[in-house]
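Engineer: The numbering of the sequence shown is our numbering, which starts it at 27 and goes up by one. Sharing a structure, written as structure tokens. Questions coming.
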Amino acid sequence: MWLIKPRAKPVQCLLCGKESPYISESLNLCINCIREKPEKAEPLILEAHRKSREKYGLPKLPPKTEGGIPCNLCSNECILGEGETGYCGLRINVKGKLSSLCSPEKGLFHAYKDPHITNCLGPDSII
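Spelled out as structure tokens, the structure:
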């Protein structure tokens, strides 16, 4: 059985108006609307995803700048104009050349503490 601790304040679903402490504050959509009204829920989910990327200075969508440099790091197939960062945030076009924030000698590490059991780091992990 899944045990999910509800938050103290309920959140209202943007589509049906249902209030519940189990509704995500990021999406503002109940599970029933996500499952039963995917055509209405999907644009709201994509917008929430775009907003979450903005907080980290990442592009909302994979860049496709005409005349830019194609990046083959992943399946997003970014095309980076001068000074643009890839969708992943790892590649940037610097003076017409792709540059990477990490290399075989210098890696990039990001971690955060989260009590979720699906994460590698728990509340007692040392970072």
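Cβ coordinates follow ideal geometry from the N, Cα and C atoms, glycine included.
Excluding the 5 residues preceding and the 5 following Gly115 in the sequence, name in chain order all residues of the same chain whose CB lies nearer than 6 Å to its CB.
Structural biologist: Same-chain partners within the cutoff: Leu84.
Engineer: In the DSSP assignment, the beta strand (DSSP E) including Ser78 goes from what residue to what residue?
Structural biologist: Careful: Ser78 lies outside any beta strand (DSSP E), inside the alpha helix (DSSP H) at 64 to 80.
Engineer: With DSSP as the reference, identify every bridge partner of Leu106, one or two as the case may be.
Structural biologist: Answer is Ile95, bridged to Leu106.
Engineer: DSSP on Ile118, reduced to helix/strand/coil?
Structural biologist: Strand at Ile118.
Engineer: Considering only C-alpha positions, which residue in the set Ser78, Leu55, Arg79 is nearest to Tyr68?
Structural biologist: At residue 68 the sequence reads Glu, which differs from the Tyr that was named. If we check each option's Cα against that of Glu68, Leu55 comes out closest.
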